[in-house]
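Throughout the sequence shown, residue numbering follows numbering that gives the first Met the number 0, covering 0 to 411 in sequence.
Here a beta-carbon is modelled for each residue, glycine too, at the ideal position from N, C-alpha and C.
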Amino acid sequence: MGGQEVRAIRAAREEQARMALRGLPVDNGDEADESEGDDDIEEAGELGPDDENLAAVAPVGGIPEKAKSAQTAGSSLRAPDVLKSVWATNVRGDDEGDDGADIFCVRHSPDDTLVAAGCGDGVVRLFHTDGGRLAYSLFDGDAQLPATCLRFRPAGGGGSTTRNILLAASTDGTVKHWHITSKRCLHTVTEKDNQVYAIDYTTDGGRFVTAGRDYTVRLYDEATKTCVTSLCSSFDKSTSGHSNRIFSVKFSELQPDVLFSGGWDNTLQVWDARAGYAVKSIWGPHICGDAIDAHEHTILTGSWRPEQQLQLWDMRTGGLSDTIGWGPAAQGREPCQVYAAQFSKQGAGFIAAGGSGANELKIFSVAQKAAIGVFTLPKGVYGVDFSHNGKTVAIAAGDSSVRVVSAMTSRS
């Protein structure tokens with residue numbers, strides 16, 4: 000059910016967006032996201048009037064005029080360079096006659112020698128960054144539901160000396176610890192009646208976090224693999240939380256007890272694990288993929304909507320710092336609605352982001368507040384990841400291909 004549900008949700012929402020952009024009426028009466036099996040999920044709280052059309056294009060009102068002006072600022076600058084493809088590998092599904100396996104997410108290994116890809120058939124495939132050859136396939140024979148998010152465990156995580164550990168989330172509600180080189184699943188965490196869409200590690204690897212369909216953020220101890228904290232809105236609504244699916248979660252690099260999450264309810268929640276609740280709730284970002292990142296006191300969000308997609312927030316105040324204009328859509332293409340966004344890993348001077356509609360990846364200079372590189376694909380971009388050396392970006396694409404493109408431009 001999980002794989003078909005995610006694909007149906009994505010297809011339905013993209014079709015609704017196309018209709019809305021053309022001025023056609025959008026019928027939200029039979030939402031794909033109101034799927035069977037959600038009846039047993041307790042609502043985190045009543046939705047307000049502005050939340051009733053969550054499955055349509057998200058609202059972007061309430062943005063300061065200073066930030067609005069940034070949306071079109073990029074159009075006055077020179078056009079971004081076309082990024083060069085390093086390699087592309089089509090991923091065929093395991094079923095005979097299968098045209099390919101959807102690619103949901105990508106992640107570079109800490110030494111940049113491998114790119115891991117979470118696929119729609121449940122297999123996690125790892126490719127050599129030198130040429131894109133398949134190196135490992137990780138699959139334990141369970142239900143073939145999509146691998147939705149990946150994280151490599153930082154060295155020494157949980158006090159373990161074992162290296163090459165990859166954390167993989169799935170829509171079957173599991174989070175698996177894989178030892179890559181032996182292709183063994185070392186441990187499985189199962190969240191009953193949930194679909195896990197987002198995971199992240201603390202910088203020291205001592206804890207990891209999960210989030211997904213049931214609106215709850217769960218914090219785990221890496222050494223014991225046990226849940227130590229569940230973060231959600233309080234029963235009496237005295238503290239805020241999510242009221243719809245969560246698609247991205249990220250730890251603060253400065254404060255390991257602080258983390259950020261976002262999803263369909265158009266909020267960015269700032270959680271303090273010590274307090275056990277959200278200390279800030281920011282209205283605005285409409286997160287539909289791995290599209291939250293953080294550097295020092297700045298939070299990056301990528302929203303699935305046709306304007307004001309990339310925004311920077313001050314985690315200390317909760318205020319909007321800037322909106323980075325996506326730039327005009329190419330002739331004959333719809334605006335790009337962002338599924339994935341990430342800072343570069345060395346200094347956060349650049350942003351990689353991509354999505355559907357225009358089906359493109361763009362690299363932005365934070366200092367210039369403009370796109371400096373672009374790569375267009377035949378179908379949508381669902382995941383991006385900078386290499387640690389900043390020279391390349393891996394792409395999870397809707398055409399069943401894993402790609403690596405050069406992040407170097409004449410302006411970088």
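Exercise. How long is the line joining the alpha carbons of Ala208 and Ile291, rounded to whole angstroms?
Worked result: Inspection of the sequence shows that residue 208 is occupied by Val rather than by Ala. Val208 and Ile291: Cα-Cα distance of roughly 14 Å.
Problem set entry | Three-state class that DSSP yields for Ile245 in the structure shown | strand
For this session: Give every residue of the same chain whose Cβ lies closer than 7 Å to the Cβ of Asn163, excluding the five residues on either side of it in the sequence, and list them in chain order.
Result: His178, Ile179 and Thr180
Exercise. Taking the C-alpha atoms as reference points, what is the distance between Ile198 and His176?
Worked result: 12 Å
For this session: Report the rounded CA-to-CA distance for His127 versus Phe234, giving the unit in angstroms.
Result: 48 Å
For this session: Please report how far the alpha carbon of Arg150 lies from the alpha carbon of Pro79, in whole angstroms.
Result: 30 Å
Problem set entry | Supposed contact pair Ala146 and Gly117 - C-beta distance, whole angstroms, cut 8 Å | 3 Å
For this session: Could you name the residues of the same chain whose beta carbon sits closer than 6 Å to that of Tyr423, not counting the 5 residues immediately before and after it, in chain order?
Result: Residue 423 is absent from the model: the chain starts at 0 and stops at 411.
Exercise. Could you give the C-beta distance for Ala369 and Phe363, rounded to a whole number, given that I count them as a contact under 8 Å?
Worked result: 7 Å
For this session: Using alpha carbons as the reference points, say which of Ser229, Thr215, Gly211 and Gly204 lies closest to Glu221.
Result: Gly204
For this session: Return the CA-CA distance between Val85 and Arg273, expressed in angstroms with no decimal places.
Result: 44 Å
Problem set entry | Residue range of the beta strand (DSSP E) that includes Phe234 | Phe234 -> no beta strand (DSSP E), and no H or E assigned at all.
Exercise. Beta-carbon separation of Trp303 and Gly354 under 8 Å?
Worked result: yes
For this session: Determine the contact status of Gln310 and Thr322, defining contact as a CB-CB distance below 8 Å.
Result: yes
For this session: In angstroms with no decimal places, state the Cα-to-Cα distance between Val278 and Val216.
Result: 14 Å
For this session: Quick one: residues in its chain with C-beta nearer than 8 Å to the C-beta of Val105, no 5 flanking neighbours on either side, listed in chain order?
Result: Val114, Ala115, Ala116, Gly117, Leu149, Gly382, Val383, Asp384, Ala393, Ile394, Ala395 and Val401
For this session: Alpha carbon to alpha carbon, how far is Asn388 from Gln194? Give it in angstroms, no decimals.
Result: 33 Å
For this session: Counting only runs of 3+ residues fully inside the stretch 287-375, write out the beta strand (DSSP E) ranges in chain order.
Result: 291-294, 297-301, 309-313, 319-323, 336-342, 349-355, 359-364 and 369-375
For this session: Let me know if Arg212 comes out buried or exposed under the rule of 16 or more other beta-carbons within 10 Å of its beta-carbon.
Result: buried
Problem set entry | Ser251 and Gly240 closer than 8 Å at C-beta | no
For this session: Under 8 Å Cβ to Cβ from Asp430, same chain only, skipping five residues before and after it: list those, please.
Result: Residue 430 lies beyond the stretch modelled for the chain, which goes from 0 to 411, so this question has no answer here.
Problem set entry | As assigned by DSSP and simplified to three states, the class of Ile8 | helix
For this session: Put Gly117 into one of helix, strand or coil per three-state DSSP.
Result: strand
Exercise. Measuring CA to CA, which of Leu253, Ala339 and Ala168 is closest to Met314?
Worked result: Leu253
Exercise. Looking only at C-alpha atoms, which of Gly317, Glu306 and Ala339 sits nearest to Val324?
Worked result: Val is not the amino acid found at residue 324; the sequence shown has Gly there. Among Gly317, Glu306 and Ala339, the Cα nearest to that of Gly324 is on Glu306.
Exercise. Between Val404, Gln367, Lys249 and Leu185, which lies nearest to Thr375 when the distance is taken from Cα to Cα?
Worked result: Val404
Exercise. Counting along the chain, where does the beta strand (DSSP E) carrying Gly240 start and finish?
Worked result: First-last for Gly240: undefined, no H or E at that position.
Problem set entry | Whole-angstrom C-beta distance between Lys249 and Ala210, which should lie under 8 Å | Not quite, the Cβ-Cβ distance comes to about 10 Å (not below 8 Å), so this is no contact.
For this session: Give the straight-line distance between the Cα atoms of Leu185 and Ser242, rounded to the nearest whole angstrom.
Result: 33 Å
For this session: Could you have a look at Gly413 and say whether DSSP puts it in helix, strand or coil?
Result: It is not possible to answer for residue 413, since the shown part of the chain is limited to 0 through 411.
Problem set entry | Selection from Ala406, Phe259, Arg206 and Trp282 that minimises the alpha carbon distance to Gly157 | Arg206
Exercise. So, helix, strand or coil for Ile102, using DSSP?
Worked result: strand
Problem set entry | Residues near Val90 in its chain [Cβ-Cβ closer than 8 Å; skip 5 each side] | Gly99, Ala100, Ile102, Ala116, Cys118, Arg124, Ser399, Ser400 and Val401
Problem set entry | Cβ pair Gly379, Tyr338 closer than 8 Å | yes
Exercise. For Tyr219 versus Pro153, is the C-beta spacing smaller than 8 Å?
Worked result: no
For this session: In the DSSP assignment, find the unbroken beta strand (DSSP E) run with Trp263 in it and report its ends.
Result: That residue, Trp263, is in no beta strand (DSSP E); it is neither H nor E in DSSP.
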